[in-house]
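Just below is one structure, and these are the notes that go with it.
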Amino acid sequence: MANQILQTFYHRMLPLYPPQAEKFLKTAGAQNLNQIAFRYTFSVEAMVHISHIIEDAVIANRRSAALHVSFQEMSRLLPQQARYQRVAEAALGVWLYGINDIPATALVSLPRTTLIDTADTVLTQYWFVVAYGAGIGMTLLAEEVPSLTGADRYYEGFYTFEPDIAYQMVRILHQSYPDQVPPPLSPEQLLEKEK
Numbered sequence: 005m006a007n008q009i010l011q012t013f014y015h016r017m018l019p020l021y022p023p024q025a026e027k028f029l030k031t032a033g034a035q036n037l038n039q040i041a042f043r044y045t046f047s048v049e050a051m052v053h054i055s056h057i058i059e060d061a062v063i064a065n066r067r068s069a070a071l072h073v074s075f076q077e078m079s080r081l082l083p084q085q086a087r088y089q090r091v092a093e094a095a096l097g098v099w100l101y102g103i104n105d106i107p108a109t110a111l112v113s114l115p116r117t118t119l120i121d122t123a124d125t126v127l128t129q130y131w132f133v134v135a136y137g138a139g140i141g142m143t144l145l146a147e148e149v150p151s152l153t154g155a156d157r158y159y160e161g162f163y164t165f166e167p168d169i170a171y172q173m174v175r176i177l178h179q180s181y182p183d184q185v186p187p188p189l190s191p192e193q194l195l196e197k198e199k
């Protein structure tokens, strides 16, 4: 039930953002992507590009944000372990979501990191990266769409830098995994905390 909340949230939010083509990523630049919310259908390469923008923001703003990332399958984390070592060192905490399809010994130990097995849930259909904390609210949420060729993976989703959307995503993740994901502070509570 709780995992279906994410599905409902995704389908409610998607139409609110203007569509963009993958070519947009090459012309917009990373700085502009921090100011433009949009929806898209993208390849894995383009999804990685946007994911790295969010991860880089967490690295650049040490101890400012928590990061929630769906790899869909934990084996997809393997080639990015060195990068995620830097992300985990910079983040307040990291929550990695995916099907536990590899032995635990295959993953290096990352500081302040929680692995969440999403087997048998709708979360296996979604790629998301959410950075949320003081001064940071970035969300990439996309659903995998069937490929005509069968070999390639494509995603339809949206990217936004609105703190309230990031907050709502983390709330949904907390509702889905209350024992593993702490309840987030609201954007208003974060502002009060900064004072």
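When we follow my numbering, the leftmost residue of the sequence shown carries the number 5, and every step to the right adds one.
We treat Cβ as the ideally placed atom computed from N, Cα and C, and that holds for glycine.
Quick caveat, the model's predicted, so the values are computed rather than measured.
Go through its chain and collect everything with a Cβ distance to residue i's Cβ below 6 Å, but skip five positions before and after it.
{"i": "R87", "result": "none"}
{"i": "L202", "result": "No answer is possible for residue 202: it lies beyond the span of the chain, which begins at 5 and ends at 199."}
If you check the beta carbons only, do residue i and residue j fall under 8 Å apart?
{"i": "A221", "j": "V185", "result": "Lying before the first or after the last residue shown, residue 221 is absent from the chain, which here runs from 5 to 199."}
{"i": "Q89", "j": "L114", "result": "yes"}
{"i": "V133", "j": "S55", "result": "yes"}
{"i": "Y158", "j": "F46", "result": "yes"}
Among residues of its own chain, excluding the 5 on either side of residue i, which ones have a beta-carbon nearer than 8 Å to its beta-carbon?
{"i": "R116", "result": "A92, A95, L96, G97, V98"}
Among the candidates the options, whose CA atom is the shortest distance from the CA of residue i?
{"i": "A170", "options": "Q85, L71, T45, E147", "result": "L71"}
{"i": "G139", "options": "I58, E49, D121", "result": "I58"}
{"i": "S180", "options": "H15, A69, D121, F46", "result": "D121"}
{"i": "T164", "options": "L18, L10, I9, R175", "result": "L18"}
{"i": "W131", "options": "A110, G137, T143", "result": "T143"}
{"i": "A41", "options": "H178, L177, F162", "result": "F162"}
{"i": "G102", "options": "V126, S74, S47", "result": "S74"}
{"i": "Y14", "options": "E160, E198, P107", "result": "E160"}
{"i": "M51", "options": "D156, I106, N65", "result": "D156"}
What does residue i pair with, by DSSP beta-bridge criteria?
{"i": "E160", "result": "T45, E147"}
{"i": "S74", "result": "Y101"}
{"i": "A69", "result": "G137"}
{"i": "P23", "result": "R43"}
Tell me which same chain residues have a C-beta within less than 7 Å of the C-beta of residue i, skipping the five on either side of it?
{"i": "Q129", "result": "E147, E148"}
Where are the beta strand (DSSP E) runs, 3 residues long or more, that stay fully inside the stretch 90-146, in chain order? The qualifying runs are 97-103, 117-121, 130-137.
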